[in-house]
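Colleague: Here you go, one structure.
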Amino acid sequence: MTTLPFKESERYTLGVELELQVLNSRDYNLTGAAADLLAVLERAPHPGDIKPEITEGMIEISTSIQNGYAGLLTELTGIRDAMVKQAERLNLGIAGGGAHPFQKWHDQRIFDAQRYKHIHDLYGYLAKQFTVFGQHIHIGCDSGDTAVRLLHLFSRYIPHFIALSASSPFFQGADTAFASSRLNNVSAFPLAGHMPLMEDWAEFTDYFEHMRELQVVESMKDFYWDIRPKPEFGTIEVRVCDTPLTIERAAALATYARALARFLLEESPLEPSADVYRVYGYNRFLACRFGLDAEIIDPYERRKRLLAEDIGYTLGRVARFAEDEEGATALLRFREVAAARRSDSVLLRERLAQSKSLSDVVRWAADQWMRG
Amino acid sequence: MDLSFLPDFPLRLGNLVVIALILLAGLACGELFRRVLLLPRISGYALAGLLLGPGTFGLLDRDMLGDAHLMLDIALGLILFELGSRLDWQWFRRNRWLFASSVAEIALSFGFIFAVFALFGLPWLQAAIAAAIGTATGAPVLLLVIHDQRADGPLTDRAVNLTALNNVFSVVAVTMLLALLHLEYRPRVTELLMHPVYLLVGSALLGYLASVALVLLARWLGKREDLQFILLVAMVLLTVGVAKALQLSMLVSLLALGVMSRNRDSQRHLMPVEFGPTAQALFVVLFVISGAAVTLADLTAGAWVGLAYVVARLLGKLVGVMLFARPSGLRAHKAALLTLTLMPMSATAVVMVETTARFYPEFGGQLASVVLSAVLILELTAPLMVQLALRGAGETHPEAQWR
Chain A
158 MTTLPFKESE RYTLGVELEL QVLNSRDYNL TGAAADLLAV LERAPHPGDI
208 KPEITEGMIE ISTSIQNGYA GLLTELTGIR DAMVKQAERL NLGIAGGGAH
258 PFQKWHDQRI FDAQRYKHIH DLYGYLAKQF TVFGQHIHIG CDSGDTAVRL
308 LHLFSRYIPH FIALSASSPF FQGADTAFAS SRLNNVSAFP LAGHMPLMED
358 WAEFTDYFEH MRELQVVESM KDFYWDIRPK PEFGTIEVRV CDTPLTIERA
408 AALATYARAL ARFLLEESPL EPSADVYRVY GYNRFLACRF GLDAEIIDPY
458 ERRKRLLAED IGYTLGRVAR FAEDEEGATA LLRFREVAAA RRSDSVLLRE
508 RLAQSKSLSD VVRWAADQWM RG
Chain B
600 MDLSFLPDFP LRLGNLVVIA LILLAGLACG ELFRRVLLLP RISGYALAGL
650 LLGPGTFGLL DRDMLGDAHL MLDIALGLIL FELGSRLDWQ WFRRNRWLFA
700 SSVAEIALSF GFIFAVFALF GLPWLQAAIA AAIGTATGAP VLLLVIHDQR
750 ADGPLTDRAV NLTALNNVFS VVAVTMLLAL LHLEYRPRVT ELLMHPVYLL
800 VGSALLGYLA SVALVLLARW LGKREDLQFI LLVAMVLLTV GVAKALQLSM
850 LVSLLALGVM SRNRDSQRHL MPVEFGPTAQ ALFVVLFVIS GAAVTLADLT
900 AGAWVGLAYV VARLLGKLVG VMLFARPSGL RAHKAALLTL TLMPMSATAV
950 VMVETTARFY PEFGGQLASV VLSAVLILEL TAPLMVQLAL RGAGETHPEA
1000 QWR
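Going down the list, the protein sequences come from chains A and B. Residues in the first sequence are numbered from 158 upward in steps of one, following the numbering used here. Residues in the second sequence are numbered from 600 upward in steps of one, following the numbering used here.
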């Protein structure tokens, strides 16, 4: 039982990780410059943390523990600005977006670190195909039991986060017809999907120990679930979001997750249910494929609902849980995005229609990220 | 019996046979280098040139080489165009230390080579011309290795940008020094200034006009790689031809064409240059011919000074790059690798030596031998250096072959 202690943290505290694209400024393809960028960033003061990712054209930023939208955005701005300054010295572009529109997976080089080499050895081409860019949102939980409960309640809302963050319509040089193609790459991993329905932390610990004895996993990192508990942080980690095109959108997604968590735990409008997981995979696909236009199945009401309307309705109910003025405004803006069905994916497709060049689309995306 | 249907003997082999010979010798030597010596093919091409050339076995004489010059012009033109289109002014503006390291690298390699010649007691003006030729990195070798290894990354970009600048400097400096040399023999002060100005402004203007046409036509053609390649070859040939007719600098015109078409093309109508199999054949000709420019006589006359030239050049570039490596955001070991990528000398240097010798035969003789020996030493070794550097920096494609 004590093998997997859950660090108690303050409820609803926030942390964000963002995987970003490192681009050359010639044709805006991914470029293997993460190590050089990290080297110059080591000597430049910046908030948060900046780390390598599995391939050399990726870099990950993460914030410290935050309490609301304003603080989160301030920290993200600080990290972004420091990174952009160094990237410009090295003639690199940085962009959000869940997938690079035209990189070729076999062009990617695995970052020189033991863990990534191991993943490449184990998963073969899946490792390089994993050159996709997500936002992870951590929500603080005061116990393992809270984490397990919150995780199962949250599963009903996974399509919201997919559709609101969707920014990977293009992959390997082609339009995928998906709003978020990125999750298809995650799904290829054997331990992807959702955590099985459990009662509490004790049951989860048993499950984890069992999987470890069977040698399916070595650590929690081996689960590629959409939401997974992170006992060493004392959080649950929502992993379905594409990295949005702007830091404002990233902060707004985190704010929505936090407000939703408060709503679900404090008002208990729903109870965890196996029904959620019966429709889970299909809803997840619909949200990836059609984005805000998806018609998902509401497992509690047992009927179809337009995702954009479901989001608008939920945003309305959770708005009062926003921690600060700026957060409330950000949620309001999300309602407009949902109502107008204008996700980042839609903007990217519009840009392509204008310029007819994926290279130009990435240049524009880098502009959104670097100059806000 | 009338045997007039038979050809006259000895046979006069036309330029088709010459080009075939160049290609076959290049292929054979390149493959031998790759398979037996485990060295890059490019080095083999140069050796083929040396062996076939007028100075050695003499299978290719100067007239025959002249016939193949058309292919060399296209090949060099494509290379210089690409060099220009990869030059990124914005980067030098955003990172002034990068510009500083470019200036240092140029100044020190110039200074060190000049010092070596001064040490050997050569006339200073000629020493300066040889030093100015030596500041330029051989773009054909650099870009070909980059393409061959499908290299991409910050070191690759730096190498290309520094190379573009040191090539521009080299052309300008050689032109001005030639004008000075001119002054020494036929004193007329205005030429000292007028010639470089005519050359630079005229070539830039030509490059500009060609870039306008290129981008407009590319837009009209649409994104068709095959069609755009034809267009590019045409525009490159046009630029080379007009530059020659107007006695402008082919190098500056083509660089300008590259730089300006990239900058004018905000909608990205131009597709990136892919050197397909056809272009590869042109590059074989390029390297064989530049190898043929060197003779064994040059080598025996200039080898030791040539070696000193190479070492001085290496040291100059090394110190120059190292000096501002850190402030420009480059780690020390990467700076050392960057120096290796700047080492090649090739066709452009040969062209400059030939131009100089044509205008001023006084320059020929030993000095030309020294520079050409250096070119040969580097044609044999620099491809390997560039390849090692790009590999060492981890910027070659995961599937690129070692040789």
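Positions of the beta carbon are idealized from the N, C-alpha and C atoms, including for glycine.
Thinking C-beta only, is A/Phe361 closer than 9 Å to A/Gly301?
Modeller: yes
Colleague: Hey, does A/Glu213 have any beta-carbon neighbour from chain B nearer than 9 Å?
Modeller: yes
Colleague: Would you verify that the beta carbon of A/Arg266 is, or is not, closer than 9 Å to some beta carbon of chain B?
Modeller: yes
Colleague: Are the Cβ atoms of A/Ala476 and A/Ala465 separated by less than 9 Å?
Modeller: no
Colleague: Cα-Cα, which of B/Leu780, B/Tyr807, B/Gly806 is closest to B/His1014?
Modeller: Any answer about residue 1014 of chain B is impossible in this case: the structure gives chain B only from 600 up to 1002.
Colleague: Where A/Leu505 and A/Ala522 are concerned, what is the direct C-alpha to C-alpha distance, given to the nearest angstrom?
Modeller: 8 Å
Colleague: Let me know the secondary structure DSSP gives A/Lys461 once reduced to three states.
Modeller: strand
Colleague: Quick one: Cα of B/Leu541 to Cα of B/Ala924, how far?
Modeller: As shown, chain B starts at 600 and ends at 1002. That puts residue 541 of chain B outside it, with no answer to give.
Colleague: Within this structure, are the beta carbons of A/Val305 and A/Asp357 separated by less than 9 Å?
Modeller: yes
Colleague: Mind the definition here: the region 710-717 of chain B touches the region 195-214 of chain A only if three or more C-beta pairs lie below 8 Å; say whether that holds.
Modeller: no
Colleague: Look at A/Thr571 and A/Gly172 and say whether their C-beta atoms are less than 9 Å apart.
Modeller: Outside the shown range of chain A (158 to 529) lies residue 571 of chain A, about which nothing can therefore be said.
Colleague: Confirm, please, whether the CB-CB distance from B/Leu792 to B/Ala772 is below 9 Å.
Modeller: no
Colleague: Does B/Asn694 get closer than 9 Å to chain A when you measure Cβ to Cβ?
Modeller: Taking Cβ atoms only, chain A reaches closer than 9 Å to B/Asn694, which makes this a yes.
Colleague: Which term fits B/Val811, buried or exposed, when burial requires 16 or more other beta carbons within 10 angstroms of its beta carbon?
Modeller: exposed
Colleague: Whose C-beta lies closer than 6 Å to the C-beta of B/Ser889 among residues of the same chain, with five residues either side of it excluded?
Modeller: Ser945, Ala946, Val949
Colleague: Quick check: what's the CA-CA separation for B/Ala992 versus A/Trp526?
Modeller: Taking the straight line joining both Cα atoms gives about 28 Å.
Colleague: List, from N- to C-terminal side, the beta strand (DSSP E) runs of 3 residues or more that fit wholly inside the region 303-347 of chain A.
Modeller: Whole beta strand (DSSP E) segments, 3+ residues: zero.
Colleague: Determine, using beta carbons only, whether A/Phe478 and A/Arg419 come nearer to each other than 9 Å.
Modeller: In contact: A/Phe478 and A/Arg419 (Cβ atoms closer than 9 Å).
Colleague: Could you check whether A/Ala334 and A/Ser325 sit closer than 9 Å to each other, using their CB atoms as the reference points?
Modeller: no
Colleague: Less than 9 Å separating the beta-carbons of A/Ile393 and A/His295?
Modeller: yes
Colleague: Report yes or no: do three or more beta-carbon pairs, one from the region 309-323 of chain A and one from the region 397-413 of chain A, lie closer than 8 Å?
Modeller: yes
Colleague: So for A/Glu452, helix, strand or coil by DSSP?
Modeller: strand
Colleague: Looking at C-alpha atoms only, which residue of B/Asp825, B/Thr940, B/Gln866, B/Arg861 is the closest neighbour of B/Glu873?
Modeller: B/Asp825
Colleague: Determine which residues of the region 848-866 of chain B have a Cβ less than 8 Å from any Cβ of chain A, and write them out in chain order.
Modeller: Gln866
Colleague: Out of curiosity, what's the CA-to-CA distance linking B/Ala738 and B/Gln879?
Modeller: Taking the straight line from one Cα to the other gives about 15 Å.
Colleague: Determine the DSSP secondary structure at A/Met215, reduced to helix, strand or coil.
Modeller: strand
Colleague: Return helix, strand or coil for A/Tyr169, following the three-state DSSP convention.
Modeller: coil
Colleague: What residue does the alpha helix (DSSP H) around A/Pro388 start on, and which one ends it?
Modeller: Where A/Pro388 is concerned, there is no enclosing alpha helix (DSSP H), given that its DSSP letter is neither H nor E.
Colleague: Taking only the alpha-carbon atoms, compute the straight-line gap between A/Ile218 and A/Asp501 and give it to the nearest angstrom.
Modeller: Each residue's Cα considered, the two are about 20 Å apart.
Colleague: For a contact meaning CB atoms closer than 7 Å, what does A/Glu245 contact in chain B?
Modeller: Arg693
Colleague: Excluding the 5 residues preceding and the 5 following A/Arg528 in the sequence, name in chain order all residues of the same chain whose CB lies nearer than 6 Å to its CB.
Modeller: none
Colleague: A/Ser166 touches chain B at which residues, Cβ-Cβ below 7 Å?
Modeller: Those within 7 Å of A/Ser166 in chain B number zero; the least Cβ separation is about 37 Å.
Colleague: According to DSSP, is B/Val950 helix, strand or coil?
Modeller: helix
Colleague: I need the straight-line Cα distance from B/Asp864 to B/Val814, nearest angstrom please.
Modeller: 6 Å
Colleague: Please report the distance separating the alpha-carbon of A/Ala192 from that of B/Leu929.
Modeller: 11 Å
Colleague: Between B/Glu630 and chain A, is the shortest Cβ-Cβ distance under 9 Å, so that the two count as touching?
Modeller: no
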